[in-house]
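Working notes, structure below.
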Amino acid sequence: MEIPVENRQNVIVAEIPAKEIDAGNSGDLKIAMAKILENSSKLVIDFQRIQFIDSSGLGAILSFLRQVSARGGDLKLCGMTKQVRAAFELVRMHRVFDIFENREEAVRAFGVTEG
Amino acid sequence: MAGIERLRPVPGSSEKQVKPRSFRLARGFQHVSLRIFLSLLPPIVVAVIQHLIWPLIEPHWWFFFYPAVFLSAWIGGVWGGIVSAGFSVVLVWWSFVPPVHILFKDEPYFLIPATVFFLMAIVFSLFQGRLKEAMERTRQALAEMRLSARKLREAYDQNAALITQASDGIFIADLDGRLLDVNETGCLMLGYSLEELIGQPLFSFIPPRDSERLDRAREQLLTGGFQIEEWSLLCKTGDWCVVEASAKILADGRWQIFLRDITARKQVEKHLQQVRRAKDALSKCNQALIRATDEASLLKQVCDVIVQDAGYALCWVGRAEHDETKSVTVLAQSGLGADYLDNLHITWDDSERGRGPTGTCIRTMRAVTAADIAVDMAMAPWRQEALGHGYASSLAIPVMLGTETAGALMIYATEADAFQAKEMEMLTELANDLAYGVSALRTRAEREKAERELISLNAELEQRVLARTREVQTAREHEFEIGRRIQETLLVDPPPRHLPGVRIATLAEPSQRIDGDFIVFMEPRGGSFDVVVGDVMGKGIPAALLAAATKAHLLKALGQLSGISADGRLPEPKDIVTITHADIVHQLISLDSFVTLCYARIDHVSGVIEIVDCGHTGTVQLHARTGTTQLLRGNNLPLGIRESEIYEQQSFSFEAGDVLLFFSDGITEARDSAGETFGPERLQECIRTHAQLEPDDLIHVIRNTVQDFCRSEFMTDDMTIVAVRLDQVGRSVMQAEMIIKSDLRQLFKVREFVRSSCAGLPETLLDEDGVSKLELAVDETVSNIMKHAHSGQTNLKILIEAEAFAERMVFRLHHGGPTFQPKAVCLPQLNGSRQSGLGLYITSKCVDDVRYYQDADGSNCIALTKVFRKHSRNGSEIPWKFQSKIGRT
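Line order of the protein sequences matches chains A and B. Everything in the first sequence is counted per the numbering used here, starting at 2 for the first residue and increasing by one. Everything in the second sequence is counted per the numbering used here, starting at 3 for the first residue and increasing by one.
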């Protein structure tokens, strides 16, 4: 899985390229995100392509947050569909993550002023 | 003696001693006056004689008066002489000096001879006094000499008597040890005459082993002092006497020896020592008696004690055998020369070998001694052997057991006549104690043997009883097993598992392995099924046979009525029961039995249950919507009570999720220790409490609850339960299924299947959100099956069924993995600290009911039910069907 990454003033924005995150590809996602996580203290994951996420995907996102937090960084999410948002809310993970409508809002939340 | 007598007061002398001193003086005075008066007589006599012879003989004036004065002084002492001299002068002056008889004489010269005479007379008197005193002293000296000589003679005689008659022997020998003199006692002591002893050396009377000791004694005596030692002396008779010798070397160089015969004392001491040893032996034997555990060791210990502690040469215990020869067997022995016993051949019959001490003792039941084996005629057969072993005397003491002589205790001594009365008495007591000990040990041994035999017999009996019980038990087990199989196969139908939306579980636990409870499942037509739960009065095989007959008649009635139904309608339950009753009522009445049953027809399409309750316990219905329970009961009589009974049925409605529970009276009439019954109320409460359980689990919970109530694992009555869960009512509007490989990469197909299955449903029943949740729930569940139940084995398959009804959508996931226990999974922490169980949690939140059960094929199945939503007035979503869900938080 190849994850496109965008660096906005040291804020890394990663967009998950799949439509679904389930037990079948959450392992691939973790591997693909590993390198990005190593180099990012300010990370935004864009969910705009994701139509479905199950507990495996939620678990993977949660592990990303732990890794970034362990390095003193922060992880913010954005671009969730209603169904994906519902999944986060179902397990109350929306209280754990900062979730924004789009990547711009998420990048701004890091205190970066885009010009 | 004389000295002692002088010291004694002479009878009557005490009176003199108390007389007054004046009396003694007067008596002395009288004594002196008399002597002086008597001293006057000689001058008077001489004067008379002079006067008579005066004419014849020219008087020599003083011639005769000198002797007279001398005599007077002899009589009256000095004063007698002086008085006599004066008196003589007066007599001569008056009578013979001329002129006589005139006081004054003309011849004054006459005064000279008178004066001379007077002076001479005084001298004579003094001389006489001295002479008399000298004579008196001489006389006293002579008397004393005679007394001394007499005493000396007496002393000599006494000494001679002492020596001659002394109780000790007195031997005088020279330094070479040759006897010079021996007193009479000494002679008697050795048995020789004095002549035989004189000149004999002392060495000839002592044992050779004491010669050196005698030399040493002499050497020591020569250095001074004296010696007291004990010696053995050979008498003329050849016997040895024991003496205590007190010896010294006299001043004249002779060897003086006082010998005291202590043979008797030594014998007494020896006897006392033997008695003391016998006492010790008796005491030790008694101790051995107390500690003895077996007869052989007791006998051996007693023999050892008699030899080692009492000092006898040999001891053995013989048993009197009652064989032909009446032999005596040696049981135990101790002591030197025990090989003596090897060839004894002692008997106790009246033969030569039976007349010895042992045989005689056993025969006569009294102690027998052989005081001197060398001369005892009874010891003739064993004399040579006994003497060869150094035995000189023996004692046989009977060992009495009751009134019979069991044997003898034999004791041998190295000296003759070794057994004295006191010693024999103690040894007899010892033998009696030994007999008591043997008797006690035998009694104990017999008792222990009897106890062992009794224990053995008991154990054997117990084993036989156990074996017989096992045989009977095995036979009963076998019989019961047959009965149980009959009941399982004939009386209890297996619950149908292929009815969609219906899950049934049965429990039939007879109290005696086989009983009269029966369960019948019938499916006369699709859409409904019949459940019959019956109970024949009584237990065991008769009840089981009646139950089988009733069941057969029920099936027969169903067949008959179905056959005659013109319009193809199902025969009514009440008709089936009525026909069945009619068929068996006579037999039941003749058998004095009856049958209670509940015939229920469950139509899961119409949601109606028809019940014919024939005196049964009723049926509990759990209303899933309200969580309440209801006891459904009829009022028909049991089968077999009354002929021509017409049975009625009752109708009840049910909804999806309801549970029907049929049961026997063994459930509700189970009693606790206080006698209180479990009752239908507790049963309903139990069902309400565990309403979410699948039927299989529910019946076991009920059974365990009843057992806990009764506090017994074994019930006194049969327990029969049929639990029916009706998950769907009405006909399905859609059915679909798919089979996928157990591969996580196939999950997207599952989601597509969910969406396609829900595609035809109206939006009003299931909107996009509901579909998404179903999609998520099915995805999570299939994912869990693949990961956990199938452990990632991609070659396995999963069957997914989708079925839609009027009010709900059901997805059933069948898999071949192990049964999943959702309670074993911990719920996740929603703050992200624990992710395990997240899929289960999501599933439970996305659907209204999740159930795990086995399908008709035995595979595990997970059913996910989503109830179609209805909107309340305020627009919130209300699940209006299932009240219970797993994973509720």
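Each residue gets a CB set at the ideal place from its N, CA and C atoms; glycine is no exception. Being a predicted model, the structure only gives us computed values, none of them experimental.
- Query: Can you give, in chain order, each stretch of the beta strand (DSSP E) that sits fully within the segment 577 to 608 of chain B and has at least 3 residues?
  - Reply: 597 to 605
- Message: Measuring straight from C-alpha to C-alpha, what distance separates residue 698/B and residue 854/B?
- Response: 11 angstroms
- Of all the CB atoms in chain C, is at least one closer than 7 angstroms to the CB of residue 29/A? Of the chains in the structure shown, none is chain C; the protein chains are A and B.
- Could you give the residue range of the beta strand (DSSP E) that holds residue 402/B? 395 to 403
- Query: In the DSSP assignment, what residue or residues form a beta bridge with residue 43/A?
  - Reply: Residue pairing from DSSP places residue 43/A in a beta bridge opposite 75/A.
- Query: For residue 814/B, does the three-state DSSP call read helix, strand or coil?
  - Reply: strand
- Message: With a threshold of 7 angstroms on Cβ separation, who are the neighbours of residue 37/B within its own chain once the five nearest residues in sequence on each side are excluded?
- Response: 77, 78, 79 and 82
- Using a Cβ-Cβ distance under 7 angstroms, would residue 781/B count as near chain A? The beta-carbon of residue 781/B is placed less than 7 angstroms from the nearest beta-carbon of chain A.
- Query: Do residue 617/B and residue 640/B have their C-beta atoms within less than 7 angstroms of each other?
  - Reply: Cβ distance < 7 angstroms, so residue 617/B and residue 640/B count as in contact.
- Query: Which residues mark the beginning and the end of the alpha helix (DSSP H) in which residue 237/B is found?
  - Reply: That residue, residue 237/B, is in no alpha helix (DSSP H); it is neither H nor E in DSSP.
- Item | Inside the segment 393 to 481 of chain B only - beta strand (DSSP E) runs reaching at least 3 residues | 395 to 403 and 406 to 415
- Task: Assign residue 162/B to one of two classes, buried (16 or more other C-beta atoms within 10 Å of its C-beta) or exposed (fewer than that).
- Result: exposed
- Query: So, are the CB atoms of residue 57/A and residue 27/A less than 7 angstroms apart?
  - Reply: yes
- Query: Would DSSP call residue 373/B helix, strand or coil?
  - Reply: coil
- Item | In DSSP terms, what residue 257/B is bridged to | 175/B and 251/B
- For residue 539/B, I'd like the list of residues in its chain whose CB is within less than 6 angstroms of its CB, leaving aside the five on either flank, ordered along the chain. Apart from the 5 residues on each side of it in sequence, residue 539/B sits with its Cβ closer than 6 angstroms to the Cβ of 595 and 596 in its chain, given in chain order.
- Query: Quick one, which of 75/B, 524/B, 705/B and 408/B has its alpha-carbon nearest residue 324/B's?
  - Reply: 408/B
- Query: Leaving out five residues before and five after residue 24/B in sequence, what residues of the same chain have Cβ atoms less than 7 angstroms from its Cβ?
  - Reply: Per-residue confidence for residue 24/B stands at a pLDDT of 48, beneath the threshold of 50, marking its modelled position as unreliable; the derived number appears in the next sentence. Counting only Cβ-Cβ distances below 7 angstroms, and skipping sequence neighbours, we find nothing.
- Query: Under the three-state reduction of DSSP, which class applies to residue 556/B: helix, strand or coil?
  - Reply: helix
- Starting from residue 114/B and walking both ways along the alpha helix (DSSP H), at which residues does that stretch end? 113 to 167
- Item | Same chain, Cβ closer than 6 angstroms to residue 525/B, five either side skipped, listed in chain order | 531
- Query: Taking 7 angstroms as the CB-CB limit, is residue 841/B close to chain A?
  - Reply: yes
- Give every residue of the same chain whose Cβ lies closer than 7 angstroms to the Cβ of residue 497/B, excluding the five residues on either side of it in the sequence, and list them in chain order. Closer than 7 angstroms at Cβ, skipping near neighbours: 506, 507, 508 and 523.
- Query: In whole angstroms, what is the alpha-carbon distance linking residue 425/B and residue 264/B?
  - Reply: Using only the alpha carbons, I get a separation of about 21 angstroms.
- Message: Rounded to the nearest angstrom, what separates residue 124/B and residue 68/B at their Cα positions?
- Response: Going by the C-alpha atoms only, they are around 10 angstroms apart.
- Item | Those residues which DSSP pairs with residue 712/B across a bridge | BP columns for residue 712/B are empty, so no partner.
- Message: Using beta carbons (cut-off 7 angstroms, strictly below), is residue 802/B in contact with chain A?
- Response: no
- Message: When you compare the CB of residue 68/A with every CB in chain B, is at least one pair closer than 7 angstroms?
- Response: no
- Under 7 angstroms between C-beta atoms of residue 435/B and residue 345/B: no
- Task: Check distances from the C-beta atoms of the segment 46 to 60 of chain A to those of chain B and list, in chain order, the residues that come in under 8 angstroms.
- Result: 53, 55, 56, 57, 59 and 60
- Item | Sheet register partners of residue 224/B (DSSP bridge) | Answer is none; residue 224/B lacks a bridge partner.
- Message: Let me confirm a value: residue 228/B is counted as buried when at least 16 other C-beta atoms fall within 10 Å, else exposed. Which label applies?
- Response: exposed
- Item | Same chain only: Cβ atoms within 6 angstroms of residue 111/A, ignoring 5 sequence neighbours per side | 12 and 43
- Quick one, which of 397/B, 259/B, 798/B and 239/B has its alpha-carbon nearest residue 375/B's? 397/B
- Message: Looking at the ligand MN, does it come within less than 6 angstroms of residue 556/B, judged from the CB to the closest heavy atom?
- Response: Summarising the ligand content, the structure contains no ligands, and the ligand MN is consequently not present.
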